[in-house]
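Here my numbering is used: position 10 in the sequence shown is 1, and no number is missing along the way.
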Amino acid sequence: MIRASVGASTHVGRIRDGNEDSYVVIDGLYFVADGMGGHSAGEVASAIAVGTLSDLHTSAPGGLVTEDQVADAVSTANLAIFMEAIEDPSKAGMGTTLTGLVVTDPVAHKVVVANVGDSRTYLWRHGELRQVTKDHSHVQSLVDRGAITRAEARVHFQRNIVLRAMGIESYVDVDTFPLDVEDGDRFIMCSDGLVDEAADDEIELEIREATDVQDLADRLVDLANRNGGRDNTTVVVVDFETVDETTASPEGRDVVCTLPATDVSRPSRWFAVGAWGMFALSAAITIAVVVSASVS
Ligand code: MN
């Protein structure tokens, strides 16, 4: 059985007028989303992303329990943003990144990390920091080709070009990473407001000095602002400990958070449509596409 403790912090930064990041921290579901789009549409997109995931996780019996269910939930969130942008022209083109993890099986110590875009999920294990997710960004593709180094990517003038985002198309390709959690694992989800301002070794220093999960989330946001704060910064920190199953709930969803169970940073009316309805809508669109393809 694994048990989580969670810290979260978000800040507008030192330059921007509004904060378009959102995050969700509920039992077994921890995500950060970094919205983009004019006229506050970015914060709508990021709020729909985390809100839809939250709805799907809490309404499914036992939560999201497989890698496919996590990927489908992210796809449903993608479609919810896409449809909202179609219905309201002032939100046309809005999008968001999304990264985080779902505890799919607390008894078997299993989580699934999911990612779309250039926000990041890191894992701190045995005193080493590794990036679980891979950025869907132009500079990452340059790094992959050996054209620039990871350090150069961080300050590259095209570092803000994202190659994959939620809400832009009706379909999105979702990266998922199933992982077995070890006692003492620490996951850090963050928007690019942190990684554009701070190198991994600076992040590591804060990890070593932080007293607990909330202190670390606050420290990393402070670090981003100290180094310039040119963007919104959001950080969610999740520590896992393994506990004796005889003292834990056999139900398997008794993952304890230090934050309120309903702590969605931006609850919103858009979820009133019902996330499960989006599944039906998704199926209907797929059928319509298939039918129109076979007709033409
Ligand atoms: Mn950002």
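Cβ atoms here follow ideal geometry from the backbone N, Cα and C, with glycine treated the same way. Since the structure is predicted, the reported quantities are computational estimates derived from the model, not experimental observations.
Distance, residue j Cα to residue i Cα
i: Tyr21; j: Asn223; result: 18 angstroms
i: Val288; j: Asp176; result: The structure shown does not extend to residue 288, since the chain spans only -8 to 287, so no value can be given for it.
i: Glu200; j: Ala208; result: 12 angstroms
i: Thr225; j: Met157; result: 18 angstroms
i: Asn151; j: Glu143; result: 13 angstroms
i: Leu70; j: Val146; result: 32 angstroms
i: Ala36; j: Asp174; result: 34 angstroms
i: Ser45; j: Phe168; result: 19 angstroms
i: Gly86; j: Glu160; result: 9 angstroms
i: Ser128; j: Ile17; result: 28 angstroms
i: Ser81; j: Ser66; result: 23 angstroms
i: Gly118; j: Asp206; result: 18 angstroms
i: Glu75; j: Ala83; result: 8 angstroms
i: Ala123; j: Gly220; result: What sits at residue 123 in the sequence shown is Val, not Ala. Cα to Cα, Val123 sits roughly 24 angstroms from Gly220.
i: Ser50; j: Leu114; result: 28 angstroms
i: Leu133; j: Asp187; result: 16 angstroms
i: Arg244; j: Thr88; result: Residue confidence for Arg244 is low, a pLDDT of 47 falling below 50, so the modelled location carries little weight; the figure read from the coordinates is stated next. The straight-line gap from Cα to Cα measures roughly 27 angstroms.
i: Gly42; j: Gly9; result: 19 angstroms
Which residues DSSP lists as bridging residue i, in chain order
i: Thr95; result: Partner(s): none; Thr95 has no beta bridge.
i: Thr225; result: Thr1
i: Pro169; result: Val103
i: Arg(-6); result: Glu232
i: Tyr162; result: Tyr162 is not bridged to any residue.
i: Arg148; result: Sequence inspection shows Phe at residue 148; the Arg mentioned does not correspond to that position. Beta-bridge pairing links Phe148 to no other residue.
Residue i, buried or exposed, once every other Cβ within 10 Å from all chains shown has been counted against 16
i: Pro97; result: buried
i: Thr202; result: exposed
i: Phe148; result: exposed
i: Ala32; result: buried
i: Thr140; result: exposed
i: Ile(-7); result: buried
i: Ala252; result: At Ala252 the pLDDT is 38, less than 50, meaning the model places this residue with poor confidence and gives no usable figure here.
i: His30; result: exposed
Three-state secondary structure (DSSP) of residue i
i: Phe73; result: helix
i: Lys82; result: helix
i: Arg257; result: With a pLDDT of only 46 at Arg257, under 50, the local geometry of the prediction cannot be trusted, and the value read off the model is given with reservation. If DSSP states are grouped into helix, strand and coil, Arg257 belongs with coil.
i: Arg121; result: strand
i: Arg136; result: coil
i: Ile6; result: coil
i: Val56; result: coil
i: Leu89; result: strand
i: Arg217; result: helix
i: Arg210; result: helix
C-beta neighbour in chain B for residue i, strict 9 angstroms
i: Asp59; result: Protein chain content of the structure displayed is limited to a single chain, and chain B is not contained in it.
Contact between the region 192 to 205 and the region 158 to 175 (3+ Cβ pairs under 8 angstroms): no
At least three beta-carbon pairs within less than 8 angstroms, the region 178 to 186 to the region 110 to 124: yes
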